[in-house]
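Chemist: Residue numbers (our numbering): 2 to 188. This structure is in C-alpha coordinates; I'll ask about it shortly.
Below you can see the structure in the form of C-alpha coordinates.
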(Lines of atoms letter the chains of each structure in order from A; the text may use other names.)
(Lines give C-alpha, C1' and ligand atoms only; values in the text may rest on other atoms or scores of the structure.)
Protein backbone atom coordinates (compact mmCIF):
# COMPACT_ATOMS: atom_id res chain seq x y z
CA UNK A 2 0.00 0.00 0.00
CA UNK A 3 1.45 3.35 -1.03
CA UNK A 4 -0.25 6.57 0.00
CA UNK A 5 -3.33 4.63 1.06
CA UNK A 6 -3.63 2.82 -2.28
CA UNK A 7 -3.11 -0.88 -2.87
CA UNK A 8 -0.53 -1.23 -5.66
CA UNK A 9 -1.85 -4.48 -7.14
CA UNK A 10 -3.56 -5.78 -10.22
CA UNK A 11 -5.96 -8.66 -10.78
CA UNK A 12 -6.98 -10.20 -14.10
CA UNK A 13 -10.03 -12.41 -13.48
CA UNK A 14 -10.03 -13.39 -17.16
CA UNK A 15 -6.65 -15.06 -16.71
CA UNK A 16 -4.48 -12.93 -19.04
CA UNK A 17 -1.64 -11.98 -16.71
CA UNK A 18 0.70 -10.80 -19.49
CA UNK A 19 0.56 -7.11 -18.43
CA UNK A 20 1.70 -8.00 -14.89
CA UNK A 21 4.42 -10.27 -16.22
CA UNK A 22 6.05 -7.24 -17.85
CA UNK A 23 6.19 -5.26 -14.60
CA UNK A 24 8.32 -5.52 -11.49
CA UNK A 25 6.20 -8.28 -9.92
CA UNK A 26 7.39 -10.89 -12.39
CA UNK A 27 10.99 -9.67 -12.20
CA UNK A 28 10.86 -9.96 -8.42
CA UNK A 29 9.57 -13.53 -8.64
CA UNK A 30 11.96 -14.69 -11.38
CA UNK A 31 14.43 -16.25 -8.88
CA UNK A 32 11.61 -18.49 -7.60
CA UNK A 33 11.10 -20.20 -10.97
CA UNK A 34 13.86 -22.77 -10.49
CA UNK A 35 12.70 -23.93 -7.08
CA UNK A 36 11.68 -27.35 -5.87
CA UNK A 37 8.44 -28.97 -6.99
CA UNK A 38 6.66 -27.84 -3.84
CA UNK A 39 8.59 -24.86 -2.48
CA UNK A 40 7.87 -23.09 0.78
CA UNK A 41 7.35 -19.40 0.04
CA UNK A 42 7.07 -16.44 2.42
CA UNK A 43 5.65 -13.15 1.16
CA UNK A 44 5.85 -10.15 3.46
CA UNK A 45 3.16 -7.70 2.42
CA UNK A 46 -0.06 -8.78 0.71
CA UNK A 47 -1.54 -5.81 -1.09
CA UNK A 48 -4.10 -7.24 -3.49
CA UNK A 49 -2.18 -10.48 -3.92
CA UNK A 50 -0.65 -9.96 -7.36
CA UNK A 51 2.47 -11.85 -6.24
CA UNK A 52 0.37 -14.84 -5.15
CA UNK A 53 -1.41 -15.10 -8.50
CA UNK A 54 1.88 -14.88 -10.40
CA UNK A 55 3.52 -17.44 -8.10
CA UNK A 56 0.64 -19.85 -8.64
CA UNK A 57 1.07 -19.52 -12.41
CA UNK A 58 4.77 -20.44 -12.12
CA UNK A 59 4.66 -22.82 -9.14
CA UNK A 60 1.20 -24.35 -8.79
CA UNK A 61 2.12 -26.46 -5.77
CA UNK A 62 3.94 -23.79 -3.77
CA UNK A 63 3.06 -23.61 -0.09
CA UNK A 64 2.64 -19.89 0.45
CA UNK A 65 2.69 -18.05 3.76
CA UNK A 66 1.86 -14.34 3.71
CA UNK A 67 2.43 -11.78 6.44
CA UNK A 68 0.11 -8.75 6.35
CA UNK A 69 -0.51 -6.47 9.33
CA UNK A 70 -3.77 -4.89 8.13
CA UNK A 71 -6.94 -7.03 8.36
CA UNK A 72 -8.71 -4.68 5.93
CA UNK A 73 -6.06 -5.32 3.26
CA UNK A 74 -6.53 -9.06 3.79
CA UNK A 75 -10.30 -8.75 3.40
CA UNK A 76 -9.98 -6.61 0.26
CA UNK A 77 -7.51 -9.12 -1.26
CA UNK A 78 -9.88 -11.99 -0.53
CA UNK A 79 -13.08 -10.25 -1.64
CA UNK A 80 -11.89 -8.19 -4.62
CA UNK A 81 -8.63 -9.75 -5.84
CA UNK A 82 -9.59 -13.43 -5.94
CA UNK A 83 -7.58 -14.71 -2.97
CA UNK A 84 -10.52 -16.39 -1.26
CA UNK A 85 -10.31 -19.10 -3.94
CA UNK A 86 -6.60 -19.81 -3.34
CA UNK A 87 -5.82 -23.19 -1.77
CA UNK A 88 -2.66 -23.82 0.24
CA UNK A 89 -2.40 -20.22 1.36
CA UNK A 90 -1.60 -19.31 4.97
CA UNK A 91 -2.18 -15.65 5.87
CA UNK A 92 -0.70 -14.33 9.11
CA UNK A 93 -2.27 -11.07 10.25
CA UNK A 94 0.63 -9.61 12.22
CA UNK A 95 3.37 -7.02 12.30
CA UNK A 96 6.23 -8.26 10.10
CA UNK A 97 8.91 -8.15 12.82
CA UNK A 98 6.68 -10.06 15.27
CA UNK A 99 5.72 -12.61 12.60
CA UNK A 100 9.38 -13.17 11.70
CA UNK A 101 10.20 -13.83 15.36
CA UNK A 102 7.30 -16.32 15.64
CA UNK A 103 8.28 -18.10 12.44
CA UNK A 104 11.86 -18.35 13.65
CA UNK A 105 10.78 -19.72 17.04
CA UNK A 106 8.69 -22.28 15.17
CA UNK A 107 11.81 -23.24 13.18
CA UNK A 108 10.06 -22.46 9.91
CA UNK A 109 12.26 -22.26 6.81
CA UNK A 110 11.43 -20.99 3.35
CA UNK A 111 12.89 -21.64 -0.08
CA UNK A 112 11.86 -18.22 -1.37
CA UNK A 113 11.13 -15.01 0.55
CA UNK A 114 9.86 -11.74 -0.91
CA UNK A 115 9.77 -8.55 1.19
CA UNK A 116 7.45 -6.04 -0.41
CA UNK A 117 6.79 -3.78 2.58
CA UNK A 118 10.07 -2.14 3.55
CA UNK A 119 10.67 -0.35 0.23
CA UNK A 120 10.02 3.06 1.80
CA UNK A 121 10.94 2.24 5.40
CA UNK A 122 13.82 3.98 7.16
CA UNK A 123 17.04 2.07 6.36
CA UNK A 124 17.44 0.79 9.94
CA UNK A 125 13.96 -0.79 9.84
CA UNK A 126 14.49 -2.28 6.38
CA UNK A 127 17.85 -3.70 7.46
CA UNK A 128 16.44 -5.19 10.66
CA UNK A 129 13.64 -6.93 8.77
CA UNK A 130 16.00 -8.11 6.02
CA UNK A 131 18.35 -9.69 8.56
CA UNK A 132 15.43 -11.40 10.32
CA UNK A 133 14.09 -12.74 7.03
CA UNK A 134 17.54 -13.97 5.98
CA UNK A 135 17.58 -16.21 9.04
CA UNK A 136 14.39 -17.91 7.79
CA UNK A 137 15.92 -19.04 4.50
CA UNK A 138 16.37 -22.73 3.84
CA UNK A 139 19.69 -23.96 2.42
CA UNK A 140 19.89 -22.78 -1.20
CA UNK A 141 17.03 -20.37 -0.46
CA UNK A 142 16.60 -17.03 -2.20
CA UNK A 143 15.35 -13.74 -0.81
CA UNK A 144 14.19 -10.71 -2.78
CA UNK A 145 13.90 -7.37 -1.01
CA UNK A 146 12.06 -4.59 -2.85
CA UNK A 147 13.55 -1.13 -2.39
CA UNK A 148 12.58 2.09 -4.14
CA UNK A 149 15.95 3.84 -4.07
CA UNK A 150 19.41 2.61 -4.95
CA UNK A 151 21.16 4.00 -1.81
CA UNK A 152 18.66 2.19 0.45
CA UNK A 153 19.02 -1.01 -1.58
CA UNK A 154 22.82 -0.79 -1.33
CA UNK A 155 22.62 -0.34 2.47
CA UNK A 156 20.30 -3.35 2.82
CA UNK A 157 22.52 -5.46 0.55
CA UNK A 158 25.64 -4.62 2.56
CA UNK A 159 23.84 -5.39 5.82
CA UNK A 160 22.99 -8.98 4.84
CA UNK A 161 26.26 -10.08 3.22
CA UNK A 162 27.48 -11.72 6.43
CA UNK A 163 24.34 -13.92 6.42
CA UNK A 164 23.91 -14.30 2.66
CA UNK A 165 27.20 -14.16 0.79
CA UNK A 166 25.64 -14.10 -2.69
CA UNK A 167 23.98 -10.67 -3.03
CA UNK A 168 23.23 -8.58 -6.10
CA UNK A 169 21.16 -5.53 -6.97
CA UNK A 170 18.75 -5.59 -9.89
CA UNK A 171 17.30 -2.35 -11.11
CA UNK A 172 13.75 -2.59 -12.42
CA UNK A 173 12.27 0.29 -14.33
CA UNK A 174 8.82 0.04 -15.84
CA UNK A 175 5.92 2.10 -14.54
CA UNK A 176 7.65 2.64 -11.17
CA UNK A 177 11.24 2.70 -9.93
CA UNK A 178 12.36 -0.36 -7.98
CA UNK A 179 15.70 -1.81 -7.01
CA UNK A 180 15.59 -5.46 -5.99
CA UNK A 181 18.12 -6.89 -3.57
CA UNK A 182 18.44 -10.56 -4.55
CA UNK A 183 20.40 -12.80 -2.17
CA UNK A 184 20.96 -16.55 -1.91
CA UNK A 185 21.91 -18.82 0.91
CA UNK A 186 24.46 -21.39 -0.11
CA UNK A 187 23.99 -25.05 0.74
CA UNK A 188 25.52 -26.13 4.02
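Even for Gly, the Cβ is constructed at its ideal location relative to N, Cα and C.
Given this structure, state the Cα-to-Cα distance separating residue 93 from residue 101, to the nearest angstrom.
Modeler: Spanning the two alpha carbons is a distance of roughly 14 Å.
Chemist: How big is the Cα-Cα spacing for residue 155 and residue 166?
Modeler: One C-alpha to the other measures close to 15 Å.
Chemist: Grouping DSSP H, G and I as helix and E and B as strand, with all else coil, what is residue 60?
Modeler: Here residue 60 sits in coil by DSSP.
Chemist: Considering only the alpha carbon of each residue, which of 141, 43 and 158 lies closest to residue 184?
Modeler: Residue 184 has its Cα closest to that of 141, out of 141, 43 and 158.
Chemist: Quick check on the DSSP output: the beta strand (DSSP E) that includes residue 147 runs from which residue to which?
Modeler: Element bounds for residue 147: 137-147.
Chemist: Using three-state DSSP, classify residue 105 as helix, strand or coil.
Modeler: Three-state result, residue 105: helix.
Chemist: I'd like the ranges of any alpha helix (DSSP H) spanning at least 4 consecutive residues and lying wholly in the stretch 64-129.
Modeler: List check, alpha helix (DSSP H) in window: 71-80 and 96-105.
Chemist: Closest to residue 150 by CA distance: which of 178, 127, 63 and 163 is it?
Modeler: It is 178 whose Cα lies nearest to the Cα of residue 150.
Chemist: Compute the Euclidean distance between the alpha carbons of residue 98 and residue 66, then round it to the nearest angstrom.
Modeler: Their Cα atoms are separated by approximately 13 Å.
Chemist: Looking at the structure shown, is residue 42 part of a helix, part of a strand, or coil, going by DSSP?
Modeler: Of the three classes helix, strand and coil, the one that applies to residue 42 here is strand, per DSSP.
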